[in-house]
Structure formats: C-alpha cells, structure tokens
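Residue numbers for the sequence shown follow my numbering, so the first one is 7 and each next one is one higher. Backbone N, C-alpha and C fix where the C-beta goes; we use that ideal spot for every residue, glycine too.
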Amino acid sequence: MLAIGTTFFRLEYRFTEFTDFATLIALALFPAPQAANGNPQGKHLNERLFEATMTVSDFAKLAENSQDASKWLSQLKIVDTARGRENLNSFVRLNLPSDLQASLCGQLSQALPGCSDPDMALNNLERLFCRARSPLSLAALFERDATSMTTLVRIFSSSQSLSDQIITDPESFELVRITDGQPAARQYLVDEIVAEVQQLNEEKAIMKALRRYKRRETLRIAYGDLICNQNIETVTRQISFLADALIEAAYQAACKLVSQRFGSPTPKSSRNGKPSTPRFSVIALGKLGGTELNYSSDIDLMFLYDGDGNTDGEKSITNKEYFERVGQRLMKLLTEPTELGTPYRIDMRLRPEGSRGPLINSLDGALHYYDILGRTWERQAFVKARACAGDSSLGQEFLEKQEPWIYRNYLSRADITGIKALKRRIEKRATVAGAVDANVKTGHGGIRDIEFVIQFLQLLNGGDLPQIRMPNTLEGIRTLEEVGCLTLQESTILKDNYSFLRKVEHRLQIMFDLQTHSLPSEPLERTKLAMRMGYVDDADGKALDKFQADFQEKTEINRKILDHLLHDAFPDDEVTAPVVDLVLDPEPTADAIDEALSDFGFHDPKNAYENVMALTRERVRFLSTRRCRHFLAAIAPQLLEAISKTPDPDSTLVNLSQVSDSLGGKEVLWELFSANPATLHLYVRLCAGSPYLSNVLISNPGMIDELMDSLMLDRLPSRRVLEEMLLELCRGAEDIMPILHSFKNLMHLRVGVLDILRKKDLHTRLQTLSDVAEVCLHQIVFREYRQLVARFGEPRLPSGKPCDLIILGLGKIGGKEPNYHSDLDIIFVYEGDGNTVVDARHRGASSTTNQHFFGQLGQRIIKSVNELGPYGRLYELDPRLRPTGKNGPMAVTLEDLYNHHAKGNGELWERQALTKARPIFGPPAGCEAAEKTIREAIACHPWKASDAEEIRKMRIRMEETASKNNIKRGPGGTVDIEFVVQMLQMKHLAESPEILVPNTIDGLNLLHEKGYLGQEDHDHFLKAYEFLRMVEARLRLMNTTARHDLPEERLEVAKLAYLLDYEDPATLLKECRQMTRETRRRFDQIFDKAAAG
C-alpha cells in the first residue's frame, strides 16, 4: 500500500514566484487603503498578503489583527470568526514559506465560500496540517494539485466522522485519491478482507482488521458519493457489498476461532446416500437484504444451519451448539466497541419468535415456524431477504422454499389489514417522536412510505409474477411498472423521490456516522444540509427555501401515491368483506363464492361470480389486469352493495360487466369510484336502470373518458359550445355521419347522467337535447346543400338575391323539449320562387327551379338523417305536417305556407300545430320572416268558441289509440296540458301576441302572467307536466317498447321507481294516477269555459 509519507516526502520543495492569478485574488479581496490626498499609503497588510515577498511575520500580523482577520474570514463565509482566527494562528505556527501561504490562502478563498460548512472545513484543515508529518509537503501538494484542496474541503464540510478518519489516517485519503472512489465488485471485497483476516489468529487483531477495513472502504464509497456524484443505487449497493464482505470475513473468522476449541462439525446423516457437510447461512433482511444499506444502518440478520451431528474436536459439542457459538462470535466480532468504533449494530429480532427465540434455527425448524406461525408482517419482511454470507446454497434453498409462503396466490383482506396496521404503528411512533414531517424515513411521504407501497404491491401480485420478487426497492419499482402494477408516472415519481430521500438520509448520517433520519430543527443546520444536497443561493432563491419546497412537494406526492394504492383503496374497516378475498383469490372454492356473494341478492351466484371476475380483467392487451384487480378489490364491497339495492341485481351485474368491458380502461374507473364514491352509485344506477345509455356505451367501445366526464361534470354545454365542437370535429371529414352519431351519443350520455342524478332542471335537459339535434341537422344541411349546388347551381330570387332555406321545427323540437327518442317534426320552406344560377364555379351543373332544388334538398336531408346505417338511425325526421301533407311538395315558399292557411284548405289542427313552430335552420333575416309568417298564418282566421270544442274533440280522438297507462296521449297526459296551452294561445293571440311561444312551460308561465290561466291551474299544470315528462324521460332511458306507457310487469315498474328514487313502486303508480285525473279535471273545466264563449 502506498503510504502518504512516500508521496509527501518524495516532494522536493521548490521556491516559486507568486502567480498573477493569486495577485488578482489578493487585490480583489483586499484593496489597499488610500491616503486623504488620494496617494497610496504604505502597503497595508491585506495588500501584501499574497505578495511573493511576504514574510511569516506578516501573516502572523494578519492573524493578530482581529479586525482584518475577521473581515477576511467573513468573506470566506466563516461564521465563528473567533474560532477562525485561532485556526489562522495555528497555520502561522507552521512557519510555511510565504508563497505556499499565499497559495493556501488563495485556494481557501475559492473553496470555502461555496462549501456547506466553511467553519467546519477550515477547522478540519487546520487539524490536518497540525497532525501531518510534514505540513510543508502537504502545502506543496495543495499547490501542485488544487483538486486535492477542493476534495478535502467538500469532505471536511460534509462529514465530521470522515474528516476525523482522514486526519488520523492520512493513508486512507491517499488510497481513495488513487482509486478515485470507483465502485468495487462484491467478490473482490469479500476476497480481500477474508484473505487479510485468515492470516490472523487473535480475536482482537481480527476485530481491528475488520474495523480498519470498514473505515477505509467507507471513505472510498463516500468519496464516490460526495466527490464523484455516484447515483444512490451505486452508493447503497457498495455499502451493502462492504457489509456482505465483513459479515463473510467475520463468519469465517468465527468458524476458525470456535473450531480451534471444539473442532469442526461433522454430519450425522447423509443426503441422497452421500455425506454432506453441515451448513450455516446468514440471511440478510431489511436494507441489507435489499442491497440498499445506509452509511449508519442497523443490519437485520437471521442465522440458519443444517445438518445434525457433532464436532470432531476433543471437546466435542453438537453441531447446533457449534453454530450457536459461531453466530455469537460473529456478532461479537462485528458489534463489540473498540477504539476504532463499532462496525455495525446487528438486529436479530426478525428471526423465528423474535428476541425470545433461539439465536440460530435449523432449516426445517424455520420453515415449519413460518408455515404455521408466520404473520403478514414477517412475509413482508422476507420480501427483502437474501443470503449474504456463509453457505449460499443453504440460504438459497431456504428462500426458495419460503417463496410459496411469502408470495401466496393472493393477498387476503386479513393480510392487507395486517400490513396497514403495521404501517399505522410505525406512523404512530413517528408522531409520538414529533417527527411526522421532518423524519426522512418514517415521516409522511418518507422512505418507509415508498418501501411499504412497493412491498405491498409485490405481495399482492408476486404469487404469479415471479419477476417482481426482488428485495431492492428501486428494482422493484422498475419491474412493477414493467408488468403494469404501477403506471409510468407513478414509477417515475417514486424512483426519483426515493433516490432524493435516500440521498438526504445519507447526508444526515454521514455527518457524524449516526443513525439519524430527522431534518435539523435549526435553520442554519438545515441550510448546511441543503448545500450538501447541492442547493445553492442564487437568483431563484435561497438554498434552504428550495430544498424545503422540494422536500415537502416530494413527500406530499409520495403520500398521495401510498394513500391511492393502499389506504384509500382499502379503508380501515373493522371487518373487511369476504368479497375482497373473492376478487383477489384466483381459485376460490365454491363455498367461498357462496359466502362472499350470499348477501347481495343474486339468484345465480355462479354466474354472478363469473361477471365479478370479468370486472377484474382488462380486455385491452396493454392495460394492466393487476391494477384492475387491485382497485376492484378496493371498491368491490361498495360496488356489490350498491348492486344489491337495485331491482334486479343479476341483470344489473351482467349489464355492468358488459358496459365495463366496452370502456377500455376499467382500472381508471375503479380508481375514480374509490376516490369519488358518488360516481360509483351513479354508474350502478346507469347500468341498472338505463339500457339506453348502457347500449350507447356498449355500442361505442372506448368511451371511458366520455363516461368519466359525464360522471364528474355537473354542467351541460351551451348551444354555441356544441356548434363549435361539432364544427371542429367535422372539419375536413369526408364522411360526417360517424362523427354525428358519436357526437349525439356523447351528448345524450352527458344529459342522461345528469338526468339520473337530477342535477339539472327538466327545461335545461330538454333544451340541450334540442340543441344537439339542431347542430347535427345543420351539418347535414350544409353538406347536402353544397352537393346539390354543385349539381344545379345556387338558388336565386327574381331580384338576383340568394334564396335561402328555412327549416321549421314543430312539435317537441319546435318547443325545445324533445326527449331521448323524440321524432323531429319539420317543414322545409324557402324564401320565394325563382331559378338556380350556374356560374364558372359549377361546371357541369344545369339550372333548375327553386322549388325543385329545395324539394330535392329536403329529400336528401331526410334520407341522410333517417337512414338506418351501421351506426343506427341518427333521428327520425317527419315532414308530414307540411301544407297538403305527404302528398304535397317537400318544400314550399313562405307565401305558399301563409296562403295554405289563409286562402286554402288549411285546417284548425294545422294552425294549432303551428303554435309550436320555430325556425331551427336559416339566416337571421329568413328566420325572422318565417316567424312573422307563422304568426300571421295562425291568426289569419278569427277565433270562435266552437274552435275550442273542435280542439277538444281532436284531443279525445288521440286517446282512442292510446293505452290506459299512456302518460302522453292517455286521459290527463301531457297532451292535455299542451292542448290547454295551444288553445289559449290561439284564443288570445290577437290581444296578446307575446303569449305565442312554442315551449309548453314558457307558454304556461306567460298565460298566467297575462291573466289567461289561474294560479291554481298554472301551478298544477306546471307540476304535472314536469313530473310526467320526467317519468317519460326515465321510460326512454329504460328503452321500453311503449315509450309513453307505464309498465305493467312488476320488475319493470320497480326499475322505473328505482330510477325515480321511489322506494315503493305502488306509490309511484298512485301518484301518476292522481296527477292525470286532476289534469283531466282541470282540462275539462278550461275547455268547457272556452267553448261556452
């Protein structure tokens, strides 16, 4: 080994002239004082400090001048300037040549201000010089190799324990400078220390060798960490390899010492007919097991032996006694305090029976103990187990036989409860210690949180994923992400944050070689820690502030991930439902299935189990079934409980399984339900009571995002937003029909979800359905118009102005109150007769009349909308309310529309239909003209009392084709209320034109405001109309064949009541009958009065 003395004393000191660089430093730090007249005074001490001609006595004067010395030290960021002056005095007493003094001061001026603790660094440098065999050679080394000073300052300001080691053993620093702190192979370390120990026979000599080796190699590792910035994996692995080497050396030395007295163990029996040597193995757990040891960690060990028999010495003992003595001697060699310290603190409490159990255990005894008495926390501990010393074949055999116990087929609810209970106990201890937020290890979001969640996922999924069975945390994170148990985002965050926290932990422990995990309470000490972590004061802020912000952010997000994957996913219930085990167990017994599902009202438990299992599997190949099962297990009790409260749990579960299969991301859905239980209940309601919405999802796979938006959002888009959305979707598309169908489905899903939740009033929901229909219709009109213009040219009026199309909506679409399956009653009108004009833009086009053009346009629009294609039918357009009905032209002029009613054969019912007419497509001017024409057409014949009776007769005729349960056309149904509004509008239109509005609810309110409808009638009709339309909406969501009929089958009535939040279906039917009877009574009163004149 190269001694530092060899390096120092082979140097020949040569006096060199001081460099211009040092002079510049001196001038920058210590400008010479000026005389009053501006001329320089005699040279000041600070000015002459770095001159080549400076004498030792000059340097001494600086040290003696407290003001000058303090100023200089303050510029070096020295806090305790009094102590700093003592350090300077020590340097003065070394009598170094002036140029070396100048060089040393220049290097200090550069190195100290940027280090984490200039006071500690300067003090340790002074100690190093004072203890050096040749301070002159040491100063010359620093002058020749400036990096040596930088390196020492960094170490001297980061770790007092390492500083003490370098000062007392300079050879160790020379070694790490030569090796540059490069990582060493595990076997190299083992072979090196074992070879050294094998030459020794005395216990004290062995202990000294082990401790010296640990100190030297720890310095090498710290050099790689602090100076070479090696990553945390490399550093922890090197610390663990060093521990492995020392344990192996101690084991072999212990065997040698025990054998000297009792002989070597011999076999009593043989394996496979061949004698086998008794074996002893050291199992590492915890940080050492994971090859992620700290600078000052306890090491968790367990001793195993195999092979009964006796030793062959004169004082023969049993092999068990022999290995007990070996274990005891091994621990003594590694833990007994000496003048060189204690290499390790060994914790044996993870062995069978803990501290009460025997120090060593036989292979069979240990396996039997864990199989019979092993607890969940012990299984978790063995996730990090590996053989680290002794007979590796014995250790590997033990661990392989333990794997089925560690990694069971599934993690039961009892296991999960045990893991969480252990975590709570650890957190409670941290809380009692007052370190919840400042403890890097056990505080919220600390190292233990990350390790816990990784071990939990390994236990949860390791039964059939052997590739995730590994003791190292960072490797575990990577493999869990590879198999889909962690998302890429979670994996990245956990890896980065774990590395950050482990680095903080190292910086805390390396300072004094103490097992500490708490951040310093004093701001100054925290600032030093921040700087050791690489934070600096700059324009972005103070080092301390940036460190604390990062620490808080990282621990908070760590905690959120832990809560997300463990605490929130599996709440702390006193009793965990058996269904959790059912979801997690890949092969449950028939009895387990019956037990888990018996309380949820399923008539066919076997089929229900198959559907539950379908919910645990992702159908999309690249999605993680592991996470899907994990998060389903977390919400399974609540999900099945909600399903059990539906009218038909079996069909609800089947429907829920089918819908979930179509979504393409069940895990995301289960996570949403875990975080927001209200969405779970809504989803169950959707699958239990709305085949219409369920079919939308099943027929349109991959709508997971749309569904989640629907479940989470409580607002509906405005008409303008709908127009902009659809316009953007259709822009540039060759075939817009798939886009229109998808858009309609999405919007109906949004409205339907809010309908089930009753978050929006009836008027708003129906208006949105109307807006959706209109914007879809607009896109079809635009497309068909462009295609027809290319064929015939643009339609013009005789004046030469463009002739525009106006589409009138009647019925429900006219009143902005259509339901989910409503037909759209329309009339195509255009501004006037004329011909199309063909110009250069329309090559090959042939002119035609406006009537022919718009008639063709209407037919094409109807065909596109009504066509039953691969996506179904978009809407049902019905143009039969046009003048002269189905036999008349498809499109008419505004003048023709008016003349049909004023001069032609227009009947009363046709004018009544116009009360709900509204332009739903056309330019503003054209729509305004159409509204004027509609009003004039309705009012073209004076109102007669007999009109009221004729309208009533027409209403009665509509009842003849309706069933008794029809809430629309049956007696007292919604049509009664609509006819009341329309009759009163026609009767009083001449005196109050403003009452003519197409919306029924708006009409009721205006008629009441104008005094044409009494308060009680208004209130009843408003309540009845909203109630019956709400019932109608639920019937539409149920996809019933008779869309307006109350169901007769008991189960269907129960489903309707469930959707309407009625506990008793009979109450719902009774309320419907009462509402319709009262409506018909008031209807008759109002029509009787109107007919009487």
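Have a look at the DSSP bridge pairing and note the partners of ASP353.
Answer is ASP306.
Once you ignore the five residues that flank MET337 on each side, which residues in its own chain have a CB closer than 7 Å to its CB?
Answer for MET337: ILE352, listed in chain order.
Close beta carbons around VAL835, own chain, < 7 Å, minus the five adjacent residues each side
Excluding residues within five positions, the ones whose Cβ falls inside 7 Å are ILE812, LEU814, ALA897, VAL898, THR899, LEU900, LEU903, ALA936.
Whose C-alpha, out of PRO801, ILE868, ASP884, CYS933, is nearest the C-alpha of VAL843?
Nearest of PRO801, ILE868, ASP884, CYS933 to VAL843, Cα basis: PRO801.
What residue range is occupied by the uninterrupted alpha helix (DSSP H) comprising SER164?
Its alpha helix (DSSP H) spans residues 152 to 164.
Keeping to the same chain, check which residues put their C-beta closer than 6 Å to that of TYR219; ignore five residues upstream and five downstream.
Excluding sequence neighbours, TYR219 sits near ILE199.
Might you give, ordered along the chain, the residues of its own chain that have their beta carbon closer than 7 Å to the beta carbon of ASP318, omitting 5 neighbours on each side?
Once the five neighbours on either side are set aside, the close Cβ partners of ASP318 are GLY269, SER270, THR272.
Three-state secondary structure (DSSP) at ASP1067?
ASP1067 falls in the coil class under three-state DSSP.
Helix, strand or coil, according to DSSP, for ILE10 in the structure here?
Unreliable placement is indicated for ILE10, whose pLDDT of 33 sits below 50; the coordinate value is still reported in the next sentence. Three-state result, ILE10: helix.
Please classify SER246: is it buried, with 16 or more other beta-carbons within 10 angstroms of its beta-carbon, or exposed?
By the 10 Å Cβ count, SER246 comes out buried.
What does the alpha-carbon distance come out to for the pair GLU1077 and ILE710?
GLU1077 and ILE710: Cα-Cα distance of roughly 38 Å.
Opening and closing residue of the alpha helix (DSSP H) in which GLU559 lies
It spans 549 to 568 - the alpha helix (DSSP H) in which GLU559 sits, taken as one unbroken run.
Within 8 Å, strictly: CB atoms of ARG1049 and GLY978
Contact flag unset, no.
Let's see if you can read the secondary structure: which residues bound the beta strand (DSSP E) around THR842?
Run containing THR842: 841 to 843, per the beta strand (DSSP E) assignment.
CA-CA distance, GLU209 and SER109?
Between the C-alpha atoms of GLU209 and SER109 there is a straight-line separation of about 47 Å.
Proximity below 8 Å, CB of ALA620 to CB of ASP654
No, these two residues do not count as a Cβ contact at 8 Å.
Distance CB(ALA372)-CB(PHE329) smaller than 8 Å:
Going by C-beta atoms, ALA372 is not nearer than 8 Å to PHE329.
In this structure, how does DSSP classify CYS394 when only helix, strand and coil are distinguished?
Secondary structure of CYS394 (DSSP, three-state): strand.
MET537 and GLN166 closer than 8 Å at C-beta
No, these two residues do not count as a Cβ contact at 8 Å.
Which ranges does the alpha helix (DSSP H) cover as unbroken runs of at least 4 residues, wholly within the region 461 to 543, from first to last along the chain?
Listed in chain order, the complete alpha helix (DSSP H) runs (minimum 4 residues) inside the region 461 to 543 are 479 to 488, 494 to 518, 529 to 538.
Exposure label - THR174; buried when at least 16 CB within 10 Å:
The residue in question, THR174, is exposed, as its Cβ has fewer than 16 Cβ neighbours within 10 Å.
Could you check where the beta strand (DSSP E) with SER724 kicks off and where it finishes?
For SER724, there is no enclosing beta strand (DSSP E), as DSSP marks it with neither H nor E.
Among ASP125, ARG961, TYR375, LEU1057, which one has its Cα closest to the Cα of GLY976?
Of the candidates ASP125, ARG961, TYR375, LEU1057, the one whose C-alpha sits nearest the C-alpha of GLY976 is ARG961.
Which one of ILE983, ILE832, ASN841 has the shortest CA to CA distance from ALA923?
Of the candidates ILE983, ILE832, ASN841, the one whose C-alpha sits nearest the C-alpha of ALA923 is ILE832.
Looking only at DSSP bridge pairs, what is GLY815 linked to?
Beta-bridge pairing links GLY815 to ILE832, ARG924.
May I have the straight-line CA-CA distance separating ASP377 from LYS672, to the nearest angstrom?
Rounded to whole angstroms, ASP377 to LYS672 spans 36 Å at the Cα level.
Nonlocal neighbours in the same chain, by C-beta distance under 6 Å from ILE323, ignoring five residues either side:
Within the same chain, PHE268, THR317 come within 6 Å of ILE323 by CB-CB distance, once the 5 residues on both sides are set aside.
So what's ALA897 in DSSP terms, helix, strand or just coil?
ALA897 falls in the strand class under three-state DSSP.
Taking contact to mean at least 3 C-beta pairs separated by less than 8 Å, is the region 673 to 680 in contact with the region 729 to 743?
Because the criterion of three Cβ pairs below 8 Å is not met, the region 673 to 680 and the region 729 to 743 do not touch.
What is the DSSP secondary structure of PRO176, reduced to helix, strand or coil?
In the structure shown, PRO176 sits in a helix (DSSP, three-state: H, G or I).
Quick check on VAL626: buried or exposed, where buried means 16 or more other Cβ atoms within 10 Å of its Cβ?
Per the 10 Å Cβ criterion, exposed.
CB of ALA602 within 8 Å of CB of PHE608, strictly
Not a contact, by the Cβ cut-off of 8 Å.
With distances taken Cα to Cα, identify the nearest neighbour of ASP720 among GLY758, ILE745, SER748.
With distances taken between CA atoms, ASP720 lies nearest to GLY758 out of GLY758, ILE745, SER748.
Within the continuous beta strand (DSSP E) that includes SER368, where are the two ends?
If you look at SER368, you'll find it in the beta strand (DSSP E) that goes 366 to 368.
Between the beta-carbon of VAL288 and the beta-carbon of ILE253, is there less than 8 Å?
Taking C-beta atoms as the reference points, VAL288 and ILE253 count as a pair closer than 8 Å.
Between ALA393 and chain D, is the shortest Cβ-Cβ distance under 8 Å, so that the two count as touching?
Absent here is chain D; the protein component of the structure consists of one chain.
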